[in-house]
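Numbering (this note's numbering), first residue to last: 44 to 494. By construction, the Cβ of each residue, glycine as well, lies at the ideal position given by its N, Cα and C atoms. Here the structure is laid out as structure tokens; the discussion comes afterwards.
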């Protein structure tokens, strides 16, 4: 069942080439952070290009519940914040829907204020582990009370007298790193986060942009990030780059669909996010970066993706995993159309996303005639080459937007159509997915809808 209503079965099938421009939504990671940091600033922060998917809208609701005033006029979101440490205690439970990023960042932001808040979400989010965030937050003095296994619904009691912490992130996770840094904003002294493998650095860039004193050093321990607590944030005007994770779908669709030529403008190419695009190039994809530039401290380019009939399976470097963790589902689809095997190690984080993404993709790919091997921390797709992938299966989306979109992309190039049992979760991150792909020439149908 969809997280926001009845199931929406969808089917995709081969059509003509995909052509045109794909204007994907704003970056989800930056959208979440814009709302949260704007809410922690005294004065008005203005945001344009905000992703208006359900995940981000749920974060906006949460910030209102903590006392910020947020409204939209035209294309601009106006956030009147309450300052660092100024959150009010919410009157009701905070529902974060399907968003692991939203709930974990919000927990961090409120963890060092002397307030209590209860968090919940949909069935998928309530099944995901939160101890990876609540354990380091406890070092500040925050208390948490959740279901068995550290799961939502969960109540957090913020630290009245927070202590700065020094924390080494046990597994690569931008969500955990960001939660600790956000908690450190209202703690005295320096909060230090150490990560052995670099993860997306939007939080560090945006914290500095709002006026925090933050520095990053490469040491023998790894990447050491030091944040000085209790800054006075300055309101910002933010233009959100378009989301590389959303861009992945029209890019990959063009690469596997015969005759395609698609331009995806204004895509954020933060080096901690762009791993998929370099991986596709390594596989032999006709993918180029045009009009390279910088906007708001983030590298940006227009991506041009063309049909690539001679893709080769590769060994994806394990150290690249953190920079493309959300893109492995659609990469596995591209791998099915490559010659030879694509091996993807270092990906255990996929086991605890909105679904177990390795399991969900492996089951669907096998049903479509593709061999997949898997382990706890790796998986291998044995590609069949262009024109040789049977398809003709219905995959379970597992309440996961990226699983649903990946199988929709797959159906554009399989011999028989591909279906998902529920495409409803797509709205959480990419509400215009169907119309955007349809505008390029793709064929996606909802069950019972006119062809």
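Per DSSP, residue 266 lies in no alpha helix (DSSP H); the unbroken beta strand (DSSP E) holding it starts and ends at 265-271. Excluding its 5 nearest sequence neighbours in each direction, residue 425 has C-beta neighbours in its own chain below 6 angstroms: 384 and 414, listed in chain order.
Here the alpha carbons of residue 333 and residue 325 stand approximately 18 angstroms from one another. According to DSSP, residue 53 shares a beta bridge with 463 and 489. Residue 399 and residue 173 have their C-alpha atoms roughly 15 angstroms apart. Three or more beta-carbon pairs separated by less than 8 angstroms link the segment 234-245 to the segment 304-323, which places the two stretches in contact.
For the pair residue 259 and residue 465, the Cα-to-Cα distance works out to about 42 angstroms.
A residue is called buried once 16 or more other Cβ atoms fall within 10 Å of its Cβ, and residue 335, having fewer, is exposed. Residue 282 holds the alpha-carbon nearest to the alpha-carbon of residue 341 among 282, 205 and 375. Nearest to residue 153 by alpha-carbon distance, out of 91, 233 and 202, is 202. In the structure shown, residue 438 falls within a strand segment according to DSSP collapsed to helix, strand and coil. A direct Cα-Cα distance of roughly 6 angstroms separates residue 287 from residue 311. The Cβ atoms of residue 373 and residue 295 lie closer than 9 angstroms to each other. Residue burial annotation: residue 230 is buried, with at least 16 other C-beta atoms found within 10 angstroms of its C-beta. Taking 9 angstroms as the cut-off, the Cβ atoms of residue 94 and residue 68 count as close.
As summarised for the segment 280-363, the continuous beta strand (DSSP E) elements at least 3 residues long and confined to that stretch are 280-282, 304-311, 329-338 and 341-349, given in chain order. Just so you know, the alpha carbons of residue 351 and residue 144 end up roughly 33 angstroms apart. A Cβ-Cβ distance of about 5 angstroms is found for the pair residue 447 and residue 463, placing them in contact under the 8 angstroms criterion. Within the model, the alpha-carbon separation for residue 479 versus residue 65 is close to 6 angstroms.
Closest in C-alpha terms to residue 168, from the list 151, 365 and 193, comes 193.
Contact between residue 99 and residue 71 holds, with the beta-carbon distance rounding to 6 angstroms and staying under 8 angstroms.
DSSP, read as helix, strand or coil, puts residue 258 in strand. In this structure, the beta-carbon distance from residue 179 to residue 483 does not fall below 9 angstroms. Comparing C-alpha distances from residue 52 to each of 467, 266 and 405 shows the shortest one belongs to 467. Two segments are said to touch when three or more pairs of C-beta atoms, one from each, lie closer than 8 angstroms; by this definition the segment 98-115 does not touch the segment 296-308.
When C-alpha distances from residue 225 are compared across 200, 204, 255 and 197, the shortest belongs to 255.
Contact between residue 96 and residue 470 holds: CB atoms are separated by about 6 angstroms, below the 8 angstroms threshold. Comparing alpha-carbon positions, the option among 262, 264, 450 and 222 lying closest to residue 250 turns out to be 222. Here the alpha carbon of residue 402 sits roughly 32 angstroms from the alpha carbon of residue 181.
Ranking 204, 92 and 431 by CA distance to the CA of residue 186 puts 204 first. In the structure shown, residue 160 adopts extended strand secondary structure according to DSSP, grouped into three states. Here the alpha carbon of residue 268 sits roughly 43 angstroms from the alpha carbon of residue 62. When DSSP states are grouped into helix, strand and coil, residue 168 belongs to the helix group. Per the coordinates, the alpha-carbon of residue 142 lies some 32 angstroms from the alpha-carbon of residue 357.
Counting only runs of 4 or more residues that sit fully inside the segment 117-157, the alpha helix (DSSP H) segments are 143-153, in chain order. The closest CA to that of residue 125, considering only 219, 276 and 55, is found on 276.
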